[in-house]
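Right, one structure below, let's go through it.
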Amino acid sequence: MNSTLSLNRPVQNYTLGSFKNPKLIEARPSRHQLCSHLIDFSKLKWFGNVNSRTGSSVQQQLRDYSGESRRITSRRIRVSSNDAQFGSFPNKGGTESSSFAEFITSERVKVVAMLALSLALCNADRVVMSVAIVPLSLAHGWSRSFSGIVQSSFLWGYLISPIAGGTLVDYYGGKAVMACGVTLWSLATFLTPWAAENSLLALLFARAMLGVAEGVALPCMNNMIARWFPSTERARAVAMAMAGFQLGNAIGLTLSPILMSQGGIFGPFVIFGLCGFLWVLVWLSATSSTPDRSPQISKYELDYIMNKRQKSHAVESKPKTKMIPPFRRLLSKMPTWSLIVANAMHSWGFFVILSWMPIYFNSVHHVDLRQAAWFSAVPWCMMALTGYLAGLWSDTLIRNGTSITLTRKIMQSIGFVGPAVALVGLTAAKTPSTASAWLSLAVGLKAFSHCGFLVNLQEIAPHYSGVLHGLSNTAGTFAAIFGTVGAGFFVELVGSFQGFLLLTSLLYFLAALFYIKFSTGERVNFDESDS
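If you're matching positions, the sequence shown starts at -9 in our numbering and goes up one per residue.
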């Protein structure tokens, strides 16, 4: 009788609030579910006749109870988008730290950390020549204009690959294309000393091949983040990846003089090349192209990503992208041109600062090469920090109800107008410390554009983000070549860096106005004509 009374109690209703950690639900074996397989309802004689009212009630209670257990066990506890986000659990007592722990130890953060390392290597390999060009110019008697040509040889290759690389990324995925890209650019970096010792033509070819390989890096990064992160975390993810990109500048600029003093001019090329080969081995063995293919991802995290992606029309919700994208339709939309103009201006400012600032500090403020590298490296550390803060702010604005379009325009305006004002201040700097402070402000504010046009690529064309990034990168590469080479000729003709910095400031203002006018955060239909 007691047994019957206990079984007639209402079945407990399990809720998320009754558990400290929702993961424990799927890890804990269900003894009630096990009982449902062991009990033969026809033999429940101690409850009386199974055809009696009591027996029927017992059977129904057991079925309901075991069914509820199965539903709890088989159905992963799905946390809402707000609860699963970093720092947003509403529960009391330590749940915020638990949310942070879940985010920082998640598989998607491991993926973005690997992307950040690859982008750090990408820029470290690229920036070595900005330091090595000074002793190489002295050794070979190169003029300023010819030094600009040598540095721009990287951009010749970078001009070729972004569109083709972006198309391959959309078709094959970011993992495979990124592995091929890092392997090729590490090989080009590793062989640069041999090329420089043999002929100038071989050196130019090695640098151009470096550019070809590195042209796929940012499209791969965008592709992987679009697949692994929900829309409310993408700005932060891009900021984390781009933090590695900027720290690569700082690492290359600070370590290169030290490695050169210990291992000769070509020491950094060998070290960074070997690091790239090591990265490829880890990338291929420890990451997956999509969350559902990852053997390491938890069921909790996979459910969260997949549920959020279904709500935001993720890349995988559509059949595989066509191998040949609709270029005409892509270029017929003004939001595409807003991204192209933004990327062009971003690349102009980025490569002018990256290529010429060591020479600027050396020639204008008369500091030696190692000091010039340090003064040039500080701004990139600032950019890594402000970029992450911009990502947090951007995601917060969207979660609090600000439209995606307005959020992107705010970020991009800060990312262009801020550097424009700071570069004007840089032209008036009288000491290396003051110049470094203005340069740090310019580069730090420039990081806000990563939460503008760079994330916007995924939003207006999630299925063509790779090729769209390639198109805008190609325009950016043209601008970077023109800016890098033009700066050398401008300084030779005018005899001053300040005039070129003022020209760059004006272009920043104009690009900001164009983006504000024509950009959008809404998805653009590139698969059908307007008719």
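Here a beta-carbon is modelled for each residue, glycine too, at the ideal position from N, C-alpha and C.
Being a predicted model, the structure only gives us computed values, none of them experimental.
Given residue i as reference, the closest of the options once Cα atoms are compared
i: V407; options: E449, S133, G442, G391; result: G442
i: F341; options: Q448, R217, L491; result: L491
i: A227; options: A169, H356, L382, S189; result: L382
i: A374; options: M335, H440, W218; result: H440
i: T244; options: G253, P258, F508; result: P258
i: E449; options: I215, L416, C265, A501; result: I215
i: F468; options: G266, G201, T376, I394; result: G201
i: I123; options: Y161, P183, L158; result: P183
i: V102; options: R217, R197, S176; result: R217
i: T417; options: L447, G473, S486, V433; result: S486
i: T222; options: N446, F472, G478; result: N446
i: P281; options: A410, C265, K298; result: K298
i: H130; options: L190, E512, S462, F504; result: L190
i: F504; options: S322, A198, L329, G254; result: L329
i: M372; options: Q488, A166, A437, T421; result: A437
i: L494; options: C210, R319, I343, W327; result: Before going further, note that residue 494 is Thr rather than Leu in the sequence given. Cα-wise, what sits closest to T494 is I343.
i: L208; options: G434, S337, A410; result: S337
i: A451; options: D160, G147, L128, F351; result: D160
i: P315; options: G456, G147, A110; result: G456
i: A203; options: L109, I394, F256; result: L109
i: G205; options: G156, L237, L249; result: G156
i: S278; options: C210, A225, G254, N333; result: C210
i: D115; options: S345, T395, S127, A225; result: S345
i: F235; options: A106, I94, A425; result: A106
i: G254; options: I295, L274, A196, L126; result: L126
Rounded C-alpha distance that separates residue i from residue j
i: F480; j: R134; result: 10 Å
i: E187; j: L194; result: 12 Å
i: T179; j: L271; result: 17 Å
i: L413; j: V475; result: 19 Å
i: F516; j: S96; result: 34 Å
i: I150; j: C170; result: 16 Å
i: I241; j: M232; result: 14 Å
i: F262; j: N390; result: 42 Å
i: F144; j: H355; result: 27 Å
i: L458; j: Q252; result: 43 Å
i: V260; j: L497; result: 37 Å
i: N72; j: T386; result: Its pLDDT being 37, under 50, N72 is placed unreliably by the model, and the measurement read from it follows with that caveat. Straight-line Cα distance between these residues: approximately 11 Å.
i: L268; j: F508; result: 43 Å
i: L174; j: P325; result: 33 Å
i: V514; j: Y378; result: 27 Å
i: E92; j: M104; result: 18 Å
i: A154; j: S423; result: 43 Å
i: Q141; j: D293; result: 47 Å
i: R66; j: I287; result: Reliability fails at R66, whose pLDDT of 37 lies under 50, so the model's placement of it is uncertain and the value that follows must be treated cautiously. Approximately 14 Å, taken between the alpha carbons.
i: L483; j: F499; result: 25 Å
i: A477; j: G138; result: 8 Å
i: W428; j: V331; result: 25 Å
i: R398; j: G511; result: 7 Å
i: S430; j: W370; result: 7 Å
i: M168; j: K420; result: 43 Å
i: A502; j: L320; result: 21 Å
i: L177; j: T392; result: 45 Å
i: H453; j: D358; result: 48 Å
i: M347; j: P247; result: 15 Å
i: F256; j: A166; result: 30 Å
i: E532; j: V121; result: Residue 532 is absent from the structure shown; the chain starts at -9 and stops at 521.
i: N333; j: V117; result: 19 Å
i: G163; j: F219; result: 15 Å
i: P152; j: T464; result: 6 Å
i: A380; j: Y350; result: 29 Å
i: T395; j: L264; result: 42 Å
i: A192; j: A185; result: 5 Å
i: A432; j: I506; result: 20 Å
Extent of the continuous alpha helix (DSSP H) run through residue i
i: Q448; result: 443 to 450
i: E223; result: First-last for E223: undefined, no H or E at that position.
i: W327; result: 324 to 354
i: V484; result: 455 to 484
i: N212; result: 207 to 218
i: V407; result: 394 to 417
i: Q488; result: 488 to 508
i: F256; result: Run containing F256: none; DSSP gives neither H nor E here.
i: R283; result: Looking at the DSSP string, R283 is not in any alpha helix (DSSP H), and its letter there is neither H nor E.
i: V202; result: 190 to 204
i: V433; result: 422 to 436
i: S317; result: Note that residue 317 corresponds to Phe in the displayed sequence, not to Ser. 317 to 321 is the extent of the alpha helix (DSSP H) around F317.
Item to check | Completely contained beta strand (DSSP E) runs for the segment 106 to 168, where each covers 3 or more residues | outcome: As for any beta strand (DSSP E) of minimum length 3 sitting wholly inside the segment 106 to 168, there is none.
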